[in-house]
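In short: position in the sequence shown from 1, add 136, done, that's my numbering. Glycine included, C-beta positions come from ideal geometry on N, C-alpha and C.
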Amino acid sequence: MTITLNPHHTSIRGELKVPGDKSISHRAIMLGSIAEGTTTVSGFLLGEDCLNTIQCFKKLGVSIEQNDDHVTIIGKGIDGLNEPEDVLNVGNSGTTIRLLLGLLSGTPFHSILLGDESIAKRPMDRVTIPLKKMRAKIDGRNDGSYPPISVRGGNLRGIHYHSPVASAQVKSAILLAGLQADGLTTVTEPALSRDHTERMLTAFGVKLTRDKTTVSLQGKQKLKATHIQVPSDISSAAFFIVAALITKNSDIVLKDVGINRTRSGIIDALKLMGANITFINERMFNDEPVADLHVTSSNLKNIEISGDMIPSLIDEIPILALAATQAEGQMVIKDAEELKVKETNRIDAIVTQLKQLGAAIESTEDGMKITGKTKLLGGTVHSLGDHRIGMMLAIASLICEKETVITDEECIGISYPHFFNDFQKLITPAKY
Ligand code: S3P
Numbered sequence: 137m138t139i140t141l142n143p144h145h146t147s148i149r150g151e152l153k154v155p156g157d158k159s160i161s162h163r164a165i166m167l168g169s170i171a172e173g174t175t176t177v178s179g180f181l182l183g184e185d186c187l188n189t190i191q192c193f194k195k196l197g198v199s200i201e202q203n204d205d206h207v208t209i210i211g212k213g214i215d216g217l218n219e220p221e222d223v224l225n226v227g228n229s230g231t232t233i234r235l236l237l238g239l240l241s242g243t244p245f246h247s248i249l250l251g252d253e254s255i256a257k258r259p260m261d262r263v264t265i266p267l268k269k270m271r272a273k274i275d276g277r278n279d280g281s282y283p284p285i286s287v288r289g290g291n292l293r294g295i296h297y298h299s300p301v302a303s304a305q306v307k308s309a310i311l312l313a314g315l316q317a318d319g320l321t322t323v324t325e326p327a328l329s330r331d332h333t334e335r336m337l338t339a340f341g342v343k344l345t346r347d348k349t350t351v352s353l354q355g356k357q358k359l360k361a362t363h364i365q366v367p368s369d370i371s372s373a374a375f376f377i378v379a380a381l382i383t384k385n386s387d388i389v390l391k392d393v394g395i396n397r398t399r400s401g402i403i404d405a406l407k408l409m410g411a412n413i414t415f416i417n418e419r420m421f422n423d424e425p426v427a428d429l430h431v432t433s434s435n436l437k438n439i440e441i442s443g444d445m446i447p448s449l450i451d452e453i454p455i456l457a458l459a460a461t462q463a464e465g466q467m468v469i470k471d472a473e474e475l476k477v478k479e480t481n482r483i484d485a486i487v488t489q490l491k492q493l494g495a496a497i498e499s500t501e502d503g504m505k506i507t508g509k510t511k512l513l514g515g516t517v518h519s520l521g522d523h524r525i526g527m528m529l530a531i532a533s534l535i536c537e538k539e540t541v542i543t544d545e546e547c548i549g550i551s552y553p554h555f556f557n558d559f560q561k562l563i564t565p566a567k568y
């Protein structure tokens with residue numbers, strides 16, 4: 137389907153609570169399923185990715201009841217999952233398939249995991265290589281590298297894995313396998329990736345040790361059910377943060393946003409660019425820090441984005457690139473090869489679609505260069521089936537000269553159901 141967005145030239149004003157964090161919602165289902173007792177979750181993200189995680193765990197024999205954004209999970213304990221009678225379909229969700237591969241590496245039965253066309257192209261060897269070292273039996277297309285993937289788990293031993301990529305999916309898969317392994321499992325990453333798994337394992341009573349980019353846990357620990365309150369997703373908030381920054385007379389408050397340091401690189405980067413963003417009412421939801429974010433229109437200047445900062449804003453690079461088109465000077469994004477193995481090759485997707493709207497943007501081997509400030513013209517652009525590309529293009533339409541037509545916009549429901557309702561709520565008539 138397509139959506140046509142008129143050039144609004146409006147400001148963005150008001151208060152909004154964006155939906156729950158995708159990474160935390162997945163983990164709440166997974167850890168709740170292997171805990172002892174009943175876990176309750178509030179603020180759960182009803183996006184397609186997280187609903188697919190629920191479906192997969194139901195097929196593994198877990199009783200899960202979902203009522204709007206409240207979820208109740210009757211935990212089966214670490215050894216309690218059942219062999220699924222059907223394949224486990226993860227849809228578009230990389231987090232579901234990679235974390236499940238880790239978890240199922242420890243279960244003494246056979247499972248088959250697959251997903252949509254995008255998942256079929258995403259590399260799984262980054263998790264299957266370490267999981268095989270732990271003794272899991274895994275096979276899949278291209279020597280176990282691509283889905284469909286089959287796993288027969290059990291009898292794992294702990295390892296110390298030095299991951300070549302800073303990836304929370306890799307780290308989490310190994311930790312979930314490590315929970316079921318004999319002895320100590322340790323993961324060291326080249327830079328710190330998002331640490332929601334470590335924080336949530338602690339909330340479920342698991343003991344782990346952390347030292348900079350290394351995390352270790354002893355196997356055979358039991359998880360105790362708990363209540364998880366999911367913060368609003370900073371990755372979803374980022375679209376409206378940038379919308380407010382790049383439109384005139386804008387003033388918004390985004391409620392209950394997760395500001396975990398391993399995720400908040402987008403705020404740091406935008407503040408370095410001169411953005412007016414303040415945290416109000418900082419507090420904790422379980423082990424996760426949250427705040428309300430106050431954002432107003434700002435004059436932005438481009439900076440370089442590279443190195444250890446990349447993992448903390450990797451999912452926000454599409455919307456950061458849009459911000460860069462409206463900032464003075466040149467933004468150079470380096471060390472971001474990981475963008476090539478996301479839901480789409482996001483270097484290509486960002487560059488082709490923003491160029492189509494009139495931006496001065498070029499791809500590089502490991503990122504892109506964007507020169508601002510440019511007028512965006514509008515026209516027909518494609519989400520390419522990637523939710524974050526679709527939302528970035530919708531925000532771009534706010535400042536385009538003419539109408540913007542976005543194809544395949546329904547993929548936005550993967551992480552942000554009702555995105556366009558919220559978008560509409562914040563658009564008010566221009567006051568200048
Ligand atoms: C995620 C980790 C990141 C991120 C993805 C969600 C997670 O991927 O891009 O959207 O929930 O663990 P990588 O682990 O591949 O960096």
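| query | result |
| --- | --- |
| Within this structure, are the beta carbons of A361 and T174 separated by less than 8 Å? | yes |
| Which ranges does the beta strand (DSSP E) cover as unbroken runs of at least 3 residues, wholly within the stretch 229-311, from first to last along the chain? | 246-250, 273-276, 282-288 and 296-298 |
| State the start and end residues of the unbroken alpha helix (DSSP H) segment that holds H332. | H332 to A339 |
| Using 8 Å for Cβ pairs, my map puts V226 next to C186. What's the rounded Cβ distance? | Wrong, their Cβ atoms sit about 11 Å apart, outside the cutoff. |
| Specify the secondary structure class of T398 as computed by DSSP and reduced to three states. | coil |
| Less than 8 Å separating the beta-carbons of G314 and L267? | no |
| What three-state label does DSSP hand D404 in the structure shown? | helix |
| Looking at the structure shown, is V378 part of a helix, part of a strand, or coil, going by DSSP? | helix |
| For the ligand S3P, is there a heavy atom less than 7 Å away from the beta-carbon of R330? | yes |
| Report whether the distance from the Cβ of Q305 to the nearest heavy atom of the ligand S3P is below 7 Å. | yes |
| Pick from K478, V487 and V477: whose alpha carbon is nearest that of V468? | V487 |
| I'd like to confirm the pairing. Which residues does DSSP put opposite A373 in its beta bridges? | Per DSSP, none; premise fails for A373. |
| Could you spell out where the alpha helix (DSSP H) holding H131 opens and where it closes? | Examination of residue 131 is not possible in this model, given that the chain is present from 137 through 568 alone. |
| Would the C-beta of I506 count as close to the ligand S3P, meaning under 7 Å from any of its heavy atoms? | no |
| Could you pull out every residue in the same chain whose Cβ sits closer than 7 Å to the Cβ of I214, ignoring the five residues on either side in sequence? | I170, L315, Q316, K358 and L359 |
| Buried or exposed, going by whether 16 or more other CB atoms sit within 10 Å of the CB of T138? | exposed |
| Give the range of the beta strand (DSSP E) segment to which H206 is assigned. | H206 to I210 |
| Quick check on the DSSP output: what are the complete beta strand (DSSP E) runs of length 3 or more inside the stretch 456-531, in order along the chain? | 465-469, 496-500, 503-508 and 515-518 |
| Rounded to whole angstroms, what's the CA-CA distance from F559 to S147? Just pull it up for me. | 12 Å |
| Can you grab the Cα-Cα spacing for the pair N422 / T349, in whole Å? | 22 Å |
| Between the Cα of Q114 and those of K476, L493 and T480, spot the shortest distance and give me the residue it belongs to. | As shown, the chain starts at 137 and ends at 568. That puts residue 114 outside it, with no answer to give. |
| Determine the closest residue to E452 out of L217, M260, A374 and N396, with distance taken between C-alpha atoms. | A374 |
| Answer yes or no: the CB of D347 versus the heavy atoms of the ligand S3P, is any distance below 7 Å? | no |
| Starting from the C-beta of L152, find all residues in its chain whose C-beta is less than 8 Å away, skip the five residues before and the five after it, and write them out in chain order. | F376, I388, V389, L390, K391, D558, K561 and L562 |
| Which same chain residues, not among the five before or five after H206, have their C-beta less than 6 Å away from its C-beta? | S178 |
| At a cut-off of 7 Å, would you count I550 as near the ligand S3P, judging by its Cβ distance to the nearest heavy atom? | no |
| Using the Cβ count rule (16 or more neighbours within 10 Å means buried), how would you classify M420? | exposed |
| For the 8 Å Cβ check, are there 3 or more pairs between the stretch 472-492 and the stretch 515-527? | yes |
| Could you name the residues of the same chain whose beta carbon sits closer than 6 Å to that of P447, not counting the 5 residues immediately before and after it, in chain order? | A302, A327 and S329 |
| Looking only at its own chain, which residues have a Cβ that is under 7 Å from the Cβ of Y568, when we skip the five neighbours before and after it? | Any answer about Y568 is weak, because its pLDDT of 40 lies below 50 and its placement is not dependable; what the coordinates show is given next. Contacts found: K384 and N385. |
| Compare the C-alpha of N278 against each of L224, I550, T189 and T264 and name the closest. | T264 |
| Given 7 Å as the limit, tell me if K478 has its C-beta closer than that to any heavy atom belonging to the ligand S3P. | yes |
| At a cut-off of 7 Å, would you count D451 as near the ligand S3P, judging by its Cβ distance to the nearest heavy atom? | yes |
| With DSSP run on the structure shown, which of helix, strand or coil describes F421? | strand |
| Under DSSP, the beta strand (DSSP E) around E545 begins and ends at which residues? | E545 -> no beta strand (DSSP E), and no H or E assigned at all. |
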